[in-house]
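Participant: One structure is given below, represented as structure tokens, and several questions about it will come after.
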């Protein structure tokens, strides 16, 4: 679409019309529209005929820009020679005439809306010409000075004189700055965009104009239009580089940088945040804010962090290391451009990304990191803390996928490799073993795995070294002569050695124990490690995994663990623990447990892997509470790895009264928490024990606090999920329903607990119960929705993350669940509206309109998948409309009614609807107009649009009207009859009013109704706003808007204020 650029509007800064801006106009017609100059100079007269064609050609293609720029410069150069002598000096009449014609052509482009390619090319043409003109006039000025000095070359550092190009650029910037205050968003957009392009080619700018430009751009960075903010951010970023070079304007540079950071973090538009992301220089100061965008809600922005900011930072680091010297020293030791903590955070977020495109970008960055490390896996792993990072293995898998040849180049046959293990090399060996085992590459797996006997000796050697380190630390831990830094180094060494042992145990878990000698050696080693009181707690799960694989079934495994636990308690003094009255803080109870109290026979201590004297010394130095904790940790890890009823494992029965029950009554909080965890795991495996112990957990939820209460809450929900609510809460079928209802009410009360962790645990437990269908109570769903949107939980991110996943999944899983939410729709909306009105200033909460839109999204029938054999309920939103109309009868608040009326326009109308249901809607709408009519224009227009959409979707039912309405006998109208009875209204009178009404909704009047709504909307519109999304009908396959003007691109200039509010809330 060509743009007429030859004439200049009277007021370009505030021009709002677009019909005259976008037109196919010939160059001749454009020239004819220009005013004739008063001057008689032929050069100036020719400007009005020669400049517009350059713009006319430039708008069609970028390819002819260079030619037109050179030609335009010749005209500019010739016009600059035309001057006029006056008493006050020389008047630059030629430059003034050129500028006026040039600006006039540019002004024709400014009101053009975003996305018109012709206007975009004109803006690029203007910026390119400004850059070219400055360069050419500068060269000409230098040549003239050199000629005046006797053909000597001009000094490059000499201050440049004022040239026609610099004056032209300054005037052009000032001219564009006038459009920053325009009411027309298109003018503001074009002016910001042109200035962003012009800044690239600016050679110099006086201080006053620079500060003015910066001030105007800072104001446009907060423009209400996101497209304007994008261009302002781009221009500010380019100014930032200029300010960084100005030593005397450090504060100004900080102001721009701060605005860019705030835009990056808090702007509501993803496009604006992306512009700031691309234009903020990655420094130590800005790096945390750039990494924040790894959690941006927009997947494109998250992808841009990996492929843009972090990739550029990596390239900068590589160049610095190649340069060497001071640059390499300033870059730091890391090869990734990030410190170890930041690299680990990027890895954790990137490898855990759920969006496929973003995860591919993260894997691509990981591969680039690997290449930057010289394709050396050990060097790559050394860039991360492999001990604490859980996603390093996923990063290795990404490298294996992108560089499959690397797997054939790695070998672990060398004895030197196993003799000098580090956390990185041990992790690498275990990762390779797991990869080959997972992919079924048996040949490479055998090549990587050492002999079982050799592996057992290697584990024993590393473990003995670990034990010595622990003993040395225990000796010096309380010594004041040992510096704290040295103790931290010792702890770091113990941490690394523990990790090495755990990786070796992981390799052992993947080994083939066909060698009986190696199997026995490994079995004895691991059994003795578990029996050792010095075994770090982190190694207990790994040891039990290996021991379970080496055992002859679960019963043999449990027998060995029970024996080991008994051996650890042989030296324990019976008077060490006090299981009497619990402390006053609620950490105890008087609940008794009816379990078998017969202890197992004590076994003799097994042979230790350490010398007897060392083992005896270590045993005597172990704290009894720590020893008891160790035994409970082993029991808990064992219970997590077994399945089946405990009745089949008689060896375990003695541990319950001997170890677990006393631990539950212990005064020590850590011991008691472990005891509750072990008891809960036992109850999951044994229904009888669960029934006996369930009151104990309920009692702990009531009396305990902190982590103990949290453990009890989790145990209660786990037992209800495994054994069902009816079994756990009632002993007879008669009281099952009452007991279940009481239990649900009790569980819902936990959502109001003061502890955020308790709230989260209760929320997660209720979500699981509802997803499993064990809880189908409307009030339960209502409570979860209310707590999700309540401002009281704005800081409880764990709770909100759980519900943000649960609510759409639950409602979208079946029509029954949507119907459950439909029944509480209005009550939830009303409660949250009141909460929003009464919330404190420092609390954050979505608006009632946003609440309603979210509820409509969850009840959208389209969100329920079509399953063979299951009928999808398409009328959920129709019943939502009925509930909303009923609420309008009793709610007189203007804002409340406005929200409800606007929600009616967002509903989904099915392709087919029963006559009785349509009649019910007509009856309620008629009664509303008669009994409590809508007064304000915004709500009235929204309600009219809903009526028009209803008439268009169901013309036959609307034509039938209420003639055949059976008020008394129709079961569909039962709720409506009750509703009218509750407000003491006779529905027969409403029917009579409908029949007598001259305004009868019919299919033939639907289009007229739409036109009436459009007219009313135009009258009430105060500014150009975005159009609403009207009622959706299933008759449209694409689910397009019902409005006849929805496809008109210019409609965004003529819509209602209320609909813009709903659209903003929806966004």
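In the UniProt record's numbering, the protein residues as written are 1 to 1067.
Even glycine gets a Cβ: it sits at the ideal position worked out from N, Cα and C.
#1: Does the beta-carbon of residue 346 have 16 or more other beta-carbons within 10 angstroms, so that it is buried, or is it exposed?
#2: Between the beta-carbon of residue 824 and the beta-carbon of residue 781, is there less than 8 Å?
#3: Going by DSSP, which residues form a beta bridge with residue 85?
#4: Which residues in the same chain have their Cβ closer than 8 Å to the Cβ of residue 51, if we skip the five residues on either side of it in sequence?
#5: Look at the Cβ atom of residue 282, then the Cβ atom of residue 309, and state whether they are nearer than 8 Å.
#6: Is residue 1068 helix, strand or coil when you go by DSSP?
#7: Would you mind sorting residue 462 into buried or exposed? The rule is 16 or more other CB atoms within 10 Å of its CB.
#8: Please determine, among 937, 914, 953, 882, the residue with the shortest C-alpha to C-alpha distance to residue 928.
#9: Taking the straight line between their C-alpha atoms, what separation do you get for residue 818 and residue 805?
#10: Cα separation between residue 369 and residue 397?
#11: Buried or exposed for residue 438, please, with buried defined as at least 16 other CB atoms from any protein chain shown within 10 angstroms of its CB.
#12: Here's the rule: buried if 16 or more other CB atoms are within 10 angstroms of the residue's CB, otherwise exposed. What is residue 206?
#13: How close, in whole Å, do the beta carbons of residue 112 and residue 190 come, if the pair is a contact with beta carbons under 8 Å?
#14: When you compare each of 557, 361, 229 to residue 643 by their alpha carbons, which one comes out closest?
#15: Taking the straight line between their C-alpha atoms, what separation do you get for residue 536 and residue 375?
#16: How big is the Cα-Cα spacing for residue 208 and residue 335?
#17: If you scan the stretch 49–119 from start to end, which runs of the alpha helix (DSSP H) of 4 or more residues do you find wholly inside it?
#18: Measure the C-alpha to C-alpha separation of residue 162 and residue 85 and round it to an integer number of angstroms.
#19: For residue 283, which three-state DSSP category applies?
#20: Looking at the structure shown, is residue 874 part of a helix, part of a strand, or coil, going by DSSP?
#21: For the putative contact between residue 524 and residue 451, defined by C-beta atoms under 8 Å, what is the C-beta separation to the nearest angstrom?
#22: Could you check if residue 297 is buried or exposed, using at least 16 other CB atoms within 10 Å of its CB as the buried criterion?
#23: Given this structure, state the Cα-to-Cα distance separating residue 145 from residue 201, to the nearest angstrom.
#24: With 16 other CB atoms within 10 Å as the buried threshold, where does residue 108 fall?
#25: How long is the line joining the alpha carbons of residue 687 and residue 720, rounded to whole angstroms?
#26: Consult DSSP for residue 788 and reduce its assignment to one of helix, strand or coil.
#27: Return the Cβ separation of residue 453 and residue 538 in integer angstroms, given the expectation that the two are a contact with Cβ distance under 8 Å.
#28: Within its chain, find whatever has a CB closer than 7 Å to the CB of residue 423; leave out the 5 residues flanking it on each side and keep chain order.
#29: Rounded to whole angstroms, how far is the Cβ of residue 814 from the Cβ of residue 864, which I believe are closer than 8 Å?
#30: Which of the three DSSP states, helix, strand or coil, is assigned to residue 436?
#31: Is the Cβ-Cβ distance between residue 962 and residue 985 less than 8 Å?
#32: Alpha carbon to alpha carbon, what distance is there between residue 832 and residue 965?
#33: For residue 987, which residues of its own chain have a beta-carbon under 6 Å away from its beta-carbon, when the five flanking residues on both sides are left out?
#34: Tell me which same chain residues have a C-beta within less than 7 Å of the C-beta of residue 384, skipping the five on either side of it?
#35: Looking at C-alpha atoms only, which residue of 77, 751, 60, 139 is the closest neighbour of residue 124?
Facilitator: So, from the data block:
#1: As a first step, residue 346 must be located in the chain shown, where it is residue number 346. When all chains shown are included, residue 346 counts as buried.
#2: Position 824 of the chain shown, counted from the start, is the residue given in the question as residue 824. Position 781 of the chain shown, counted from the start, is the residue given in the question as residue 781. It is a contact, given that the beta carbons lie within the stated cut-off.
#3: As a first step, residue 85 is located in the chain shown; it is residue number 85 there, counting from the start. 90.
#4: The count along the chain shown starts at 1 and reaches residue 51 at position 51. Hits under 8 Å: 72, 75, 98, 101, 102, 105.
#5: Here the question's residue 282 lines up with position 282 in the chain shown. Here the question's residue 309 lines up with position 309 in the chain shown. Yes. Within cutoff.
#6: Nothing about residue 1068 can be read from this structure; the chain reaches only from 1 to 1067.
#7: Reading the chain shown from its first residue, position 462 is the one you call residue 462. Buried: at least 16 other Cβ atoms inside 10 Å.
#8: Along the chain shown, read from residue 1 onward, the residue named residue 928 stands at position 928. The closest CA to that of residue 928, considering only 937, 914, 953, 882, is found on 882.
#9: For the purposes of this step, residue 818 is taken as the residue at position 818 of the chain shown. For the purposes of this step, residue 805 is taken as the residue at position 805 of the chain shown. Going from the Cα of residue 818 to the Cα of residue 805 covers about 15 Å.
#10: In the chain shown, residue 369 corresponds to position 369, counting from 1. In the chain shown, residue 397 corresponds to position 397, counting from 1. Rounded to the nearest angstrom, the two C-alpha atoms are 14 Å apart.
#11: Numbered from 1 along the chain shown, position 438 holds the residue referred to as residue 438. Residue 438 counts as exposed, since fewer than 16 other C-beta atoms from the protein chains shown sit within 10 angstroms of its C-beta.
#12: As a first step, residue 206 must be located in the chain shown, where it is residue number 206. Counting the other CB atoms within 10 Å of its CB gives residue 206 a total below 16, which places it among the exposed residues.
#13: Translated into positions along the chain shown, residue 112 becomes position 112. Translated into positions along the chain shown, residue 190 becomes position 190. Contact flag correct, Cβ pair sits at about 7 Å.
#14: Mapped onto the chain shown, residue 643 falls at position 643. When only C-alpha atoms are compared, the closest one is 557.
#15: The count along the chain shown starts at 1 and reaches residue 536 at position 536. The count along the chain shown starts at 1 and reaches residue 375 at position 375. Distance between the alpha carbons of residue 536 and residue 375 is about 35 Å.
#16: Along the chain shown, read from residue 1 onward, the residue named residue 208 stands at position 208. Along the chain shown, read from residue 1 onward, the residue named residue 335 stands at position 335. Approximately 44 Å, taken between the alpha carbons.
#17: Those alpha helix (DSSP H) runs which fall completely within the stretch 49–119 and span 4+ residues are 65–80, 93–107.
#18: Counting from one through the chain shown, the residue named residue 162 turns up at place 162. Counting from one through the chain shown, the residue named residue 85 turns up at place 85. Straight-line Cα distance between these residues: approximately 19 Å.
#19: Translated into positions along the chain shown, residue 283 becomes position 283. Collapsing the DSSP output to three states places residue 283 in coil.
#20: Here residue 874 is taken as the residue at index 874 of the chain shown, counted from 1. In the displayed model, residue 874 falls within coil according to three-state DSSP, outside both helix and strand.
#21: Translated into the one-based positions of the chain shown, residue 524 becomes position 524. Translated into the one-based positions of the chain shown, residue 451 becomes position 451. Contact check for residue 524 and residue 451: beta-carbon distance about 16 Å, past the 8 Å limit, so the pair fails to qualify.
#22: Residue mapping note: residue 297 aligns to position 297 of the chain shown, counting from 1. Residue environment: residue 297 is assigned as exposed (fewer than 16 neighbouring CB atoms within 10 Å of its CB, all protein chains considered).
#23: For the purposes of this step, residue 145 is taken as residue 145 along the chain shown, with counting starting at 1. For the purposes of this step, residue 201 is taken as residue 201 along the chain shown, with counting starting at 1. Their backbone Cα atoms lie some 23 Å apart in a straight line.
#24: Taking the first residue of the chain shown as position 1, residue 108 is located at position 108. By the Cβ neighbour-count rule, residue 108 is buried, with 16 or more other Cβ atoms within 10 Å of its own.
#25: Residue 687 sits at position 687 when you count from the first residue of the chain shown. Residue 720 sits at position 720 when you count from the first residue of the chain shown. Per the coordinates, the alpha-carbon of residue 687 lies some 11 Å from the alpha-carbon of residue 720.
#26: The residue labelled residue 788 in the question sits at position 788 within the chain shown. DSSP, read as helix, strand or coil, puts residue 788 in helix.
#27: Taking the chain shown and counting its residues from 1, the one referred to as residue 453 is at position 453. Taking the chain shown and counting its residues from 1, the one referred to as residue 538 is at position 538. Contact between residue 453 and residue 538 fails: their C-beta atoms lie close to 25 Å from each other, not under 8 Å.
#28: Looking up residue 423 in the chain shown gives position 423. Cβ neighbours of residue 423 beyond the five flanking positions: 386, 387, 496, 499, 500.
#29: Reading the chain shown from its first residue, position 814 is the one you call residue 814. Reading the chain shown from its first residue, position 864 is the one you call residue 864. About 7 Å; that satisfies the 8 Å criterion.
#30: To locate residue 436, count along the chain shown from 1; it is residue 436. Three-state DSSP puts residue 436 in a helix.
#31: Stepping through the chain shown from its first residue, residue 962 is reached at position 962. Stepping through the chain shown from its first residue, residue 985 is reached at position 985. No, these two residues do not count as a Cβ contact at 8 Å.
#32: The residue labelled residue 965 in the question sits at position 965 within the chain shown. The residue labelled residue 832 in the question sits at position 832 within the chain shown. Their backbone Cα atoms lie some 36 Å apart in a straight line.
#33: Taking the first residue of the chain shown as position 1, residue 987 is located at position 987. A distance below 6 Å between beta-carbons, with the five flanking residues on each side excluded, links residue 987 to the following residues of its chain, in chain order: 967, 980.
#34: Start at 1 with the first residue of the chain shown, and residue 384 comes out as number 384. Within its own chain, the residues whose Cβ lies closer than 7 Å to the Cβ of residue 384, once the five positions on either side in sequence are excluded, are 340, 343, 344, 347, 392, listed in chain order.
#35: Within the chain shown, residue 124 is the residue found at index 124, counting from 1. Considering only alpha carbons, the answer is 60.
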